[in-house]
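The structure appears below as structure tokens.
Chains as they are written, first to last, in our numbering: chain A, 1 to 249; chain B, 1001 to 1794; chain C, 2001 to 2214.
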């Protein structure tokens, strides 16, 4: 295992989501799915079988009217940094933890569909393709060429839009730069958030806003007690929200 | 041949030898390798074609909010939409409908060829026809009606865009001799009417949300489509970045815990429909404790104190009315808000200036009556923020060129002298769909509108489709109204056409949006404007003379010429900051930078947006154009136009609700989900995907109610139930949510489509038809915000 | 005894025949495995139009990046589109029958040429030309071989199962070529993942999956 000293020099892409700002408008999820060629079925109401890389959970404080409050938790892949549960169980090396960026990726073609990772993931971020995706008529014209569509029988999940990382690097390399400028690589959800509730960047870069935000007392993560060190941080000023997130959601 | 033991052994030997031979060759190993590759490469899965990727600027046209968007195009395909970060209106914020907009472009519900009804409206059968046949059909009918002196029986219902295409439709009707061009009701018309009654301004109201410090929002869906969704979202996004102590306070007054109520600084739960009474109680405290802007009221207001008219008759003033009837104690009984809280709101409103009071539930069109909006607007006058920074403003219009006047021929002049089919109320000038009399219409054009689905006034909607003998729908999608038309003409959708739009609702400064085609139209789809021009040209004579253009592009160019001639404003810039003529704050390029119209036009086409952010705050009298030249608490317009004898009918006041009919013990209210995708355009599949199981399971729609309401009616979470209003009776399922007021049932809007595609069809029920609309007896506006209902277990 | 010998001899004969049959089978299939099957598992393809790189490059003097270039966002344009060809070939420029075919059949009829692609990676791969060519300064020839110098029209072979292809330059292709594990100087084609990984390892570059997979 690497010590903190060694890893701190590497990039660790992470995200902060300010749930006090989030209005649950689902623009992040729509942008994500449009970007990542996530298919739609005619009936999407079976949430245990549909495919969604980003889900928005509506949570209430459980109080009676008029003390009821609601909060929305957009939930991408948490990109666990430590003993990433899905990676440690995958028998096919279809999902990997990248040491250089901290991104947990998913190589669709390599997946054998055993769904072990789905059982292992504490955040339920992984989805299994129970059916072949169908793009009726012209709907397939919208498909993003940067992301390969999947097929029946494989698991898929949020990759922090790693193809956007590749594209950003592509452009940087074309300009003769070996590094990425700040905010050159941003996942589709973060770019789409109309409330500016989501921020994305290198958690190891002390100059970047995200590394400042994750140190704020407002920051928390989901199920921190599992010590998988997720790289998606939530922010809230409300105590009840912070308390709630640690136990269930 | 008999296979004996020997032969068998030899065969086996040959087989063994062959097998060994093959195994000693590389063939099987390469076969295994190739098969392994094959399983990994998925040659059968769809492979989106790569290509040159460019980002183009456009304006979202799925509602009138005017958000700037960036569309990524890969060769001939559009693949992604994002908000334009440097657009003056939305600054990068867009709603999920815009983000999923490409699903509408490539929707299976797109119409690709003209089709004609050969069955009946109840039992439709369609037959594809050519464009020339369709044109012949339309021009034939127009000629026939004009020949019979019935040109006034041609009507057009259009979407509420202020576009060149809509202007051409109106122009065509005028040229053939009909003044029945009706626009679908827009969310702002009730606001504009209150504005007109109190300030005498004929135009669009605007709110300086960005610069205000305190907002009383009486049920406005600020985060989901009130006014312009993108502008509001970006305003609140920036607001939330400010430190909590100094940031603008927004108080959301609403019976239920909506998203806006949950996110704003404070939620004040109120009895449904009592918003007007609360506004007046706040006015009471402001006046009682002398917290109001006396200088403004004295100088610029009329009807505050009691007054005498020319005949010496004395009239009741706003002050007397409010002090007499709306003490916080009295209002507590109506609104169920503690009197102390009402006093507190009044004090906060008075002390945190500039403060702003806004009304109109949902996207702004759901009102109890016009007096409610007048009561709310009175608060703005009491704090004197008419045309002040952070106050109520008036939208300036973009200086587009007017098209040359239509020269109607004799037949047309006769047709134009006929009475409009919709103006059944004296206050109605252009908003008339609710009062449309359909029995005399012989030919109806529908242009980008879906009244059958989204007109809450179901009676009118039904009448249109039973009474009118021939309906032509200009639509991009197979929507409910097109499905009941006789001829459907496929219209190029957004991103496929030249298109423009003037203004952004609620924004004080002028904006002109221009879209150019980014991809080829689907199938045989054509630009509606081009079709109208062609119809006019085929009609010939004076009608053709009024259409001297070859295409809608020329018309748009002509409209845009006015912007150039005005010399002012700027063109939305891209990221290249620091270029000559670029504005440091807005990033736009000043229009003065362009030396010729062609240059200006090229810049406009590329950026898609012209705007002029300057606004003259200050002198309110410019915007007080009533007969008295003042802000009228007592509306003399109402007294004059409607001959109201009673003073109370001219003053803002609270009308207690009509008691529910026997057995109807619930208040059914519409709930905005994924707004504005729940209006006339069907929700794209990607949005249906986002719905939680508290909204939709299979095809069952869930209505939300408090657990107490549910228990009282013997219902539990998840139960199926029959929900009934005086308009319709539907089957729904129950979702209990503590944020809903007791006695209220929230019915999500945007479901119950019968047309469109398999992703949307037959899912849930149509809340527009369940809630229904009544007509405001004073203004003739279609009012709908709630309806009495009852629920029972299945 | 005699009968016993006889029996043995008969058995021997049978054994010899059986062994013979065994070896015949072995040899037939061994040869087939080395010669016929490799050919059978590949389909021979010819380009729809006989395009000659050497002619355009050396004789006409066009530089590579006239037709093969990067888009602004750093992505690789790949095989030139018709618009690029039409920049020059609006009308006949020479006497070549192939050019005549190109102009008459494609340019004038506004049809696109369906070029055979023998370097195309499958959909699950996103290969960055920028990173390799611009950043790592890998020469085109490292992966594409003497493509740019080919004087002959390129016939290529496509694996019927994997669709991986290769093209042979210079001498006749060895009949036993399976697109073998080691590339010969004259055989070039679709780069396999092991080749990518080898090169990355030898240069000390990351072999993270998502680097190349999409």
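All C-beta atoms in this analysis are idealised placements derived from N, C-alpha and C, irrespective of residue type, glycine included.
In angstroms, rounded to a whole number, what distance separates the CA positions of residue i and residue j?
i	j	result
residue 1108 of chain B	residue 24 of chain A	28 Å
residue 155 of chain A	residue 2128 of chain C	26 Å
residue 1785 of chain B	residue 138 of chain A	38 Å
residue 52 of chain A	residue 1106 of chain B	21 Å
residue 1281 of chain B	residue 1303 of chain B	18 Å
residue 1509 of chain B	residue 1393 of chain B	9 Å
residue 1337 of chain B	residue 1329 of chain B	9 Å
residue 1234 of chain B	residue 21 of chain A	12 Å
residue 246 of chain A	residue 1348 of chain B	37 Å
residue 54 of chain A	residue 26 of chain A	9 Å
residue 1069 of chain B	residue 1259 of chain B	24 Å
residue 1217 of chain B	residue 1787 of chain B	22 Å
residue 1760 of chain B	residue 1685 of chain B	7 Å
residue 2199 of chain C	residue 162 of chain A	22 Å
residue 1339 of chain B	residue 1725 of chain B	33 Å
residue 1699 of chain B	residue 1791 of chain B	19 Å
residue 1807 of chain B	residue 1388 of chain B	Past the edges of chain B, shown from 1001 to 1794, lies residue 1807 of chain B, and the structure says nothing about it.
residue 1779 of chain B	residue 1631 of chain B	19 Å
Where does residue i sit, in a helix, a strand or coil, going by DSSP?
i	result
residue 142 of chain A	helix
residue 1576 of chain B	Confidence is the limiting factor: at residue 1576 of chain B the pLDDT is only 45, short of 50, which leaves the residue's position unreliable and the question unanswerable from this model.
residue 1155 of chain B	strand
residue 114 of chain A	coil
residue 2085 of chain C	helix
residue 1241 of chain B	helix
residue 7 of chain A	Its pLDDT being 41, under 50, residue 7 of chain A is placed unreliably by the model, and nothing is read from it.
residue 71 of chain A	strand
residue 1798 of chain B	A query on residue 1798 of chain B cannot be resolved here, the shown segment of chain B reaching from 1001 to 1794 and no further.
residue 1141 of chain B	helix
residue 2062 of chain C	coil
residue 1709 of chain B	helix
residue 85 of chain A	helix
Note the first and the last residue of the continuous beta strand (DSSP E) segment covering residue i.
i	result
residue 1069 of chain B	1068-1074
residue 2158 of chain C	2155-2159
residue 1817 of chain B	Examination of residue 1817 of chain B is not possible in this model, given that chain B is present from 1001 through 1794 alone.
Ends of the alpha helix (DSSP H) at residue i?
i	result
residue 1395 of chain B	Taken as a continuous stretch (DSSP letters only), residue 1395 of chain B belongs to no alpha helix (DSSP H), as it is neither H nor E.
residue 1636 of chain B	1636-1642
residue 1664 of chain B	It is not in any alpha helix (DSSP H) - residue 1664 of chain B carries neither H nor E in the DSSP assignment.
residue 2100 of chain C	2097-2101
residue 2198 of chain C	2193-2202
residue 2125 of chain C	From DSSP, residue 2125 of chain C is part of no alpha helix (DSSP H); its letter is neither H nor E.
Here's a check: name, in chain order, each residue in its chain whose Cβ is nearer than 6 Å to the Cβ of residue i, leaving out the five neighbours to either side.
i	result
residue 2051 of chain C	none
residue 1653 of chain B	1371
residue 1362 of chain B	1221 and 1672
residue 2181 of chain C	Interpretation of residue 2181 of chain C is limited by its pLDDT of 44, a score under 50 that renders its predicted location unreliable; no figure is taken from the coordinates.
Tell me which same chain residues have a C-beta within less than 8 Å of the C-beta of residue i, skipping the five on either side of it?
i	result
residue 1591 of chain B	1563, 1564, 1566, 1567, 1568, 1569, 1570, 1571, 1600 and 1610
Using a Cβ-Cβ cutoff of less than 7 Å, which residues in the same chain neighbour residue i once the five nearest sequence positions on both sides are dropped?
i	result
residue 1178 of chain B	1151, 1152, 1154, 1155 and 1415
residue 117 of chain A	86, 89, 90, 95, 126 and 155
Query raised in the report: At a cut of 8 Å, does the region 1145-1154 of chain B reach the region 1477-1487 of chain B through at least three beta carbon pairs?
Result: Below 8 Å, too few C-beta pairs join the region 1145-1154 of chain B and the region 1477-1487 of chain B to call them touching: fewer than three.
Query raised in the report: Does the count of Cβ pairs from the region 1236-1245 of chain B and the region 1380-1397 of chain B closer than 8 Å reach three?
Result: With the cut-off at 8 Å, the region 1236-1245 of chain B and the region 1380-1397 of chain B do not touch.
Query raised in the report: Between the region 1440-1451 of chain B and the region 1598-1613 of chain B, are three or more C-beta pairs nearer than 8 Å?
Result: no
Query raised in the report: For the region 139-154 of chain A against the region 1042-1055 of chain B, are there 3 or more C-beta pairs whose distance is under 8 Å?
Result: yes
Query raised in the report: Are three or more beta carbon pairs between the region 1528-1548 of chain B and the region 1086-1104 of chain B nearer than 8 Å?
Result: Segment contact: the region 1528-1548 of chain B against the region 1086-1104 of chain B, fewer than three CB-CB distances shorter than 8 Å; contact not assigned.
Query raised in the report: Below 8 Å, can you find three or more Cβ-Cβ pairs linking the region 111-126 of chain A to the region 214-234 of chain A?
Result: yes
Query raised in the report: Would you call the region 1163-1177 of chain B and the region 1402-1419 of chain B in contact, with 3 or more CB pairs under 8 Å?
Result: yes
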